[in-house]
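Accompanying notes for the structure given below.
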Amino acid sequence: MARRLTLVAGSGELVPHVAAAVRRAGGALQVIDLGGRGDIAGDEVRHLPLSQAGALRDAIRAFRPSHLVLAGGVHISDGDREALARAFGAAGRMAGGLGDLGLAGMILLFARLNGIRLVGAHEVAPELLTPAGHVAGPPPGAALAALALPALRAARAIGSIDLGQAVVMAGRRPLAADDAGGADALLARVAALRAA
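The opening position of the sequence shown corresponds to residue 564 in this note's numbering, with each subsequent residue numbered one higher.
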């Protein structure tokens, strides 16, 4: 059976890259355009915002994909989160909350319950990955490696409470953490702190 892939498309340049990789590989492509992009082609293109979560769910089920990939940036309001939880029924109720971790669990459970394999963009377009090993700059010495450990612990701590996925450190001291504002807001806060 040929691969049937649904691409849930947010904003950014990753989306057309992934869509092109899917088209090169063959098979059928459904695009669920969450933000009104209009620049991605597939066998079926649906323009559905997250607020229409029930229609989004139904469109995916009707296409009967073998694979599902999420690509691009998405801003999710509290209303969108609640609509998603309602629309995805058991998967939404069992997600363990409406945070990003809960939404990820809901998507995974929905895919499993519907016989769909959830894949990452890198599995569709492996050229996105950097090669293994040291990529640029001088190799980190023992001093930098020692500083990386508290940074990793801090990033894991904010991830464990579903706050974000990044932290900016000054030596061993956290300066700012990712939150609902996103990575761009985090970097803007750090720039303002540095300027002050």
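Beta carbons are placed, not taken as given, at the ideal position from N, Cα and C, and that holds for glycine.
Among Arg735, Val731, Met669 and Gly744, which residue has its Cα nearest to the Cα of Arg757?
Val731
Mind reading off the beta-carbon distance from Pro579 to Ile603? Whole number of angstroms is fine, and I expect it under 8 Å.
6 Å
Taking DSSP as the reference, what is the three-state secondary structure of Val682?
strand
Residues near Pro689 by beta carbon distance below 7 Å, same chain, minus five either side
none
When the Cα atoms are used, what is the spatial distance from Ala717 to Gly662?
19 Å
What ranges does the alpha helix (DSSP H) occupy inside the stretch 667-726, keeping only unbroken runs of at least 4 residues that lie completely in it?
684-687 and 705-723
Is the stretch 724-738 in contact with the stretch 746-753, if contact means three or more CB pairs nearer than 8 Å?
yes
Run through DSSP, which three-state label would Leu647 get?
helix
Can the beta-carbon of Val637 be found less than 8 Å from the beta-carbon of Gly573?
yes
What is the rounded straight-line gap between the Cα of Phe673 and the Cα of Ala714?
34 Å
Return helix, strand or coil for Pro737, following the three-state DSSP convention.
strand
Below 7 Å CB to CB, which residues in the same chain sit around Pro612 once its five sequence neighbours on both sides are set aside?
Leu597
Bounding residues of the alpha helix (DSSP H) (the contiguous stretch that carries Arg620):
Ala616 to Phe626
By how many angstroms is the C-alpha of Pro703 removed from the C-alpha of Leu647?
43 Å
Outcome for Val698 when other beta-carbon atoms lying within 10 angstroms are tallied against a minimum of 16:
exposed
According to DSSP, Val571 sits in a beta bridge with which residue or residues?
Ile595 and Leu633
Evaluate Thr693 with the Cβ neighbour count: other Cβ atoms within 10 Å of its Cβ, from every protein chain shown; 16 or more gives buried, anything less gives exposed.
exposed
If you count every other CB in all the chains shown that lies within 10 Å of the CB of Asp641, and 16 or more means buried, which is it?
exposed
Ala634: buried (16+ other C-beta within 10 angstroms of its C-beta) or exposed?
buried
Is Leu592 closer than 8 Å to Leu570 when the C-beta atoms are compared?
yes
The beta strand (DSSP E) enclosing His610, as first and last residue numbers
Glu607 to His610
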